[in-house]
Every structure is written in structure tokens, then in C-alpha cells.
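The next block holds one structure in the form of C-alpha cells; read it before the comments.
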Amino acid sequence: MNIIFMGTPDFAEESLKAIYNAGHNILAVVTNPDKPKGRGMKTISSPVKIFAQEKNIPIFQPQKIRNNQEIIEQIKKLNPEVICVVAYGKILPKEILEIPQYGCINVHGSLLPKYRGAAPIQWAILNGDKKTGITTMYMDEGMDTGDIILKEEVEIEENETTGELWDKLKTIGGKLLVKTLEEIKNGTAPRIKQGEDYSIAPMLDKKISKIDWQNQTAKQIKNLVRGLNPIMGAYAFYENKKIKFWKVDIAENLQKKEKAIGEIIIADPKQGLYIKTKEGIIKVLEIQGENAKRMNIKDYLLGNKMQEGKIFS
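Residue 0 is where the sequence shown starts when you use numbering that gives the first Met the number 0, and the numbers rise one by one after that.
Structure, rendered in C-alpha cells:
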């Protein structure tokens with residue numbers, strides 16, 4: 000099929016690779032403009048752009064997609080049969096949705112109608128869900144409200160992080176997109192209306208990354224740490240220094256002494272680091288000191304003293 004592909008991160012790149020390798024004709028890719036990143040503020044191209052450059056696919060990088068007559072006319076001129084949209088980050092206007100013969104198809108990282116919005120993978124982990132998946136759908140003018148085509152469900156493992164689930168789902172997304180295009184081409188693609196029992200998965204606010212020892216249980220803190228790994232990390236303060244938590248677990252069999260919430264119960268390179276929560280105790284597995292690198296807890300405690308009885312705030 001003659002396709003225009005719209006997307007930006009590696010999650011989208013996987014789908015672009017899949018349809019390219021399946022033999023579809025990629026007329027062009029539309030991706031976000033290059034952005035400066037890192038301490039050196041070096042200009043970085045998106046994974047989708049880099050792949051398109053390698054394959055000599057035409058590239059468009061508009062600052063905006065709405066009220067942009069230039070990009071609308073360029074898409075019309077290319078006359079795609081279908082537009083595939085994966086993690087592009089912008090809601091398409093009606094003028095673009097109506098251009099392709101078979102419509103605009105989206106690959107979404109949840110089992111719709113659950114988790115409409117920008118961060119479905121992250122919120123599935125943050126909320127401690129046991130399953131999630133990929134949905135392909137026909138796009139309309141709403142936010143992830145179009146008719147469902149195909150779904151594939153996966154289990155979320157107990158210790159799985161956002162990064163790990165992201166990598167798993169991006170591969171599934173690419174394969175499901177190829178299957179979806181086959182169904183569309185053959186005229187067998189279903190159109191399933193979404194129900195009204197949905198939830199919203201908004202972009203993550205940095206405010207949620209601070210651990211609330213007074214109000215969060217050990218399970219909630221574990222989900223927070225998993226959900227923010229590797230995006231930003233959950234954090235707390237120890238003696239006025241910001242400490243990031245990258246991996247934790249729940250200490251099931253540790254004797255529960257009378258301790259204050261947020262208090263260090265054990266801090267020993269051999270035994271580990273254990274902290275009292277509102278309900279339960281967490282065992283810290285990977286940590287990052289202020290202006291330092293991520294380390295496993297044994298190595299961290301060998302070089303950084305933490306004292307039993309001290310309180311994390």
C-alpha cells in the first residue's frame with residue numbers, strides 16, 4: 000500500500016520498520032522537528048527521521064499540524080492510500096483525516112477504551128495493572144476515540160518497568176500494524192465502536208515523582224518507581240540531598256518493628272536498605288545519589304553512609 004507514516008520516538012520507529020520490511024511503499028514520513036538535548040544541547044533527530052534518512056524516504060518536520068495548509072497540500076499531493084500514525088504526539092485535523100482512501104490508522108499502547116491519552120504505557124505501570132496491550136484503530140477528530148480494528152493483550156510482569164514494557168509493546172505494535180494493513184487491503188478489517196467506560200492517561204507531571212511517605216503504601220511506591228523508570232525516576236530527600244529510586248521491592252518477611260514512616264530500618268551493604276512506608280516496607284535495589292550515577296544498593300552503601308533511624312522526607 001502507498002503509505003504516509005507519522006511518528007517520532009523509537010516506539011514509532013519499530014512500526015515504521017515493520018511496514019517497510021513488509022513491502023509497503025512509504026511515500027514520506029512526518030516527524031517532530033529536531034530538538035537540542037543533553038548537557039551539551041546537541042541537536043538530535045528523532046528515531047523515525049534517522050530510519051527514513053537511511054532508507055531515502057522523504058521527510059517532513061512541521062512545527063505544527065493544525066492550520067498548516069502547506070503540509071496539508073503536500074500530503075494531498077502524495078495521495079496516500081492510508082496514513083499510519085504512531086506516537087506522533089499531535090491530534091490530526093479533519094482536513095488530513097479525510098485525505099487517505101482508507102483513512103488514518105493509529106497504533107496505541109493500551110487496550111482501548113482504557114487509557115486514552117499521551118502516556119498509556121506509563122499509567123498502566125503506575126496504577127499496578129496486571130495486563131495491557133496494543134490497539135489499532137481508525138482515527139477521528141477525538142483523542143483516541145476512533146473505531147477499534149485489532150487488539151493484542153499482554154501480561155504486565157510484577158517487576159516490569161515502563162522501559163521494559165515499552166520495548167515489549169513497540170515490537171507488538173509493529174506486527175499488529177502490518178496485520179491491520181493486510182486486513183484493510185483485503186477488506187476484512189473490523190470496525191468496533193468504543194464503549195464509554197474509558198480512562199485518561201495524561202502526560203506525566205514531574206510533581207508525581209516525589210515519594211509521599213505519609214500517604215503511599217509500599218506497593219504504591221514500588222509502582223511509582225517502576226512507572227517512572229527510565230523516564231525521570233522517583234525521588235525523596237535524605238539529609239537535604241535528593242535521592243532517586245530506580246528499583247525497589249516489597250520486603251514481605253522483614254520483622255515489622257515500631258518505626259516512623261519514612262524511617263530507615265536497615266542500611267547495610269550486606270543486608271541492603273529498607274525503609275518504612277505508610278503500609279509495609281520497601282527494599283531498595285537500585286539508587287542514585289545527588290549529582291551521581293545510578294548504582295546497585297550494595298555499591299552505593301559501600302561509598303555512601305546511610306544511618307538507621309534517619310528519616311526520608
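For every residue, glycine included, the Cβ atom is placed at its ideal position computed from N, Cα and C.
Given this structure, state the Cα-to-Cα distance separating Pro-46 from Glu-251, to the nearest angstrom. Here the question's residue 46 lines up with position 47 in the sequence shown. Here the question's residue 251 lines up with position 252 in the sequence shown. Pro-46 and Glu-251: Cα-Cα distance of roughly 42 angstroms.
For Thr-131, report the span of its beta strand (DSSP E) as first-last. What you label residue 131 is simply residue 132 of the sequence shown in a count that begins at 1. Residues 130–137.
Report the CB separation of Pro-32 from Ala-86 in whole angstroms; it is logged as a contact under 8 angstroms. Taking the sequence shown and counting its residues from 1, the one referred to as residue 32 is at position 33. Taking the sequence shown and counting its residues from 1, the one referred to as residue 86 is at position 87. That belief does not hold up - the Cβ atoms of Pro-32 and Ala-86 are roughly 15 angstroms apart, past 8 angstroms.
Within a Cβ cutoff of 8 angstroms, which residues of the same chain sit near Gly-308, ignoring the five residues on either side of it in sequence? The residue you call residue 308 lines up with position 309 of the sequence shown. Within the same chain, Glu-262 and Ile-263 come within 8 angstroms of Gly-308 by CB-CB distance, once the 5 residues on both sides are set aside.
Where the alpha helix (DSSP H) containing Gly-173 begins and where it ends: Against the sequence shown, residue 173 aligns to sequence position 174. Run containing Gly-173: 161–185, per the alpha helix (DSSP H) assignment.
Kindly provide the ranges of any beta strand (DSSP E) runs that are 3 or more residues long and lie completely inside the stretch 32–95, ordered along the chain. 34–36, 41–43 and 81–85
Of the choices Lys-113, His-107 and Gln-68, whose alpha-carbon is the least far from that of Glu-94? Residue 94 sits at position 95 when you count from the first residue of the sequence shown. If we check each option's Cα against that of Glu-94, Gln-68 comes out closest.
Confirm the yes/no value for this check: CB of Glu-53, any heavy atom of the ligand NAP, distance under 8 angstroms. As far as ligands go, the structure on display features none, and thus does not contain the ligand NAP.
Which whole-angstrom value describes the C-beta separation of Ala-17 and Val-177, a residue pair presumed to lie in contact below a C-beta threshold of 8 angstroms? For this step, residue 17 is matched to residue 18 along the sequence shown. For this step, residue 177 is matched to residue 178 along the sequence shown. The pair is a contact, with the Cβ atoms about 5 angstroms apart (cut-off 8 angstroms).
Backbone CA spacing between Ile-310 and Glu-159 [nearest angstrom]: Locating residue 310 in the sequence shown gives position 311, where the first residue counts as 1. Locating residue 159 in the sequence shown gives position 160, where the first residue counts as 1. Rounded to the nearest angstrom, the gap between the Cα atoms of Ile-310 and Glu-159 is 28 angstroms.
Quick one: give me the first and last residue of the alpha helix (DSSP H) that Ile-296 is part of. On the sequence shown, position 297 is the one that residue 296 refers to. Residues 296–302.
Applying the criterion that 16 or more other CB atoms from any shown protein chain within 10 Å of the CB defines a buried residue, is Thr-42 buried or exposed? Taking the first residue of the sequence shown as 1, we reach residue 42 at position 43. So Thr-42 ends up on the exposed side.
Going by the beta-carbon positions, is the gap between Glu-285 and Lys-218 smaller than 9 angstroms? Mapped onto the sequence shown, residue 285 falls at position 286. Mapped onto the sequence shown, residue 218 falls at position 219. It is not a contact, given that the beta carbons lie outside the stated cut-off.
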